[in-house]
Amino acid sequence: NHDGLHLKGLIAHQQGRHDEAVDCIGKAVKLRPTDPIFWFNYGNVLRAAGRNSEAVEAYRRAIALGPEFADAYTNMANALESLDRRDEAEAARQTVTILRPNGAEALFRLGSARQLQNELIGAVEAYTQAIQIERDHLGAHVELDSVLALLGQADQAIAVHRRLLALRPIEAKYHSNML
């Protein structure tokens, strides 16, 4: 049955047996092609097996069946990024920020994507929004102080770093770009 195959595939995936996971969840998807969770997990196991192009298509199917499935957009963005399809990845991340406007992690990932594309002002905006939502978001603080320093805004970078030291002193010392 489809649920048994799906579960067997998830267990195989957790145990690092990705080809078996792809096989099991692939069969489950054929038996139950209208389930966005099955397509989402199929994308996950395809990605784990290094089959990113196929994973993107599986995530697209999950999204077609569940247009507000933010995690499918996030994982699709990651697969697109690994295929060096940065514009499409950015669009998927933008959708996540629309679906989860209060999602600090989505904004952090958007900032990271913009930083990789050397869109530093956009990265600053995304990291700043992430911090507004989750004031002690470690990654957003670390990357924000780094980008501000790259932009020559040392005073602002130092201020961000000081806020992080006050909020999370131990982690700030290990993750600092300012030391």
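All you need for this note's numbering is the position in the sequence shown, starting with 1, plus 20.
Just so it is clear, CB atoms sit at the ideal spot from N, CA and C, and this is done for glycine as well.
Check, Outcome
"Compute the Euclidean distance between the alpha carbons of residue 46 and residue 186, then round it to the nearest angstrom.", "49 Å"
"Whole angstroms are fine: how far does the CA of residue 162 sit from the CA of residue 128?", "11 Å"
"Exposed or buried, which one is residue 63 when buried takes at least 16 other CB atoms within 10 Å?", "buried"
"So, for residue 11: in the same chain, excluding its five sequence neighbours on each side, which residues have a beta-carbon less than 7 Å away from its beta-carbon?", "Here the chain has residues from 21 to 199 only, and residue 11 is not among them."
"Can you say whether residue 109 is buried or exposed, counting buried as having 16 or more other CB atoms within 10 angstroms of its CB?", "buried"
"What's the C-alpha gap between residue 22 and residue 154?", "39 Å"
"Going by beta carbon distance, what residues of the same chain come within less than 7 Å of residue 122, once the five residues before and after it are set aside?", "153"
"In chain order, what residues of the same chain lie with their CB nearer than 6 Å to the CB of residue 209, ignoring the 5 residues before and after it?", "Only positions 21 to 199 of the chain appear in the structure, and residue 209 is not among them; the question remains open."
"Distance, Cα to Cα, residue 39 vs residue 172?", "48 Å"
"Per DSSP, what kind of secondary structure is residue 176 in: helix, strand or coil?", "helix"
"Can you list, in chain order, the residues of its chain whose CB lies under 8 Å from that of residue 27, leaving out five sequence neighbours each side?", "none"
"Start and end of the alpha helix (DSSP H) containing residue 127?", "124-136"
"When the Cα of residue 79 is compared with those of 116, 61 and 105, which residue comes out closest?", "61"
"Are residue 170 and residue 180 touching if we call contact CB-CB under 8 Å?", "no"
"Are there 16 or more other CB atoms within 10 angstroms of the CB of residue 31, so buried, or fewer, so exposed?", "exposed"
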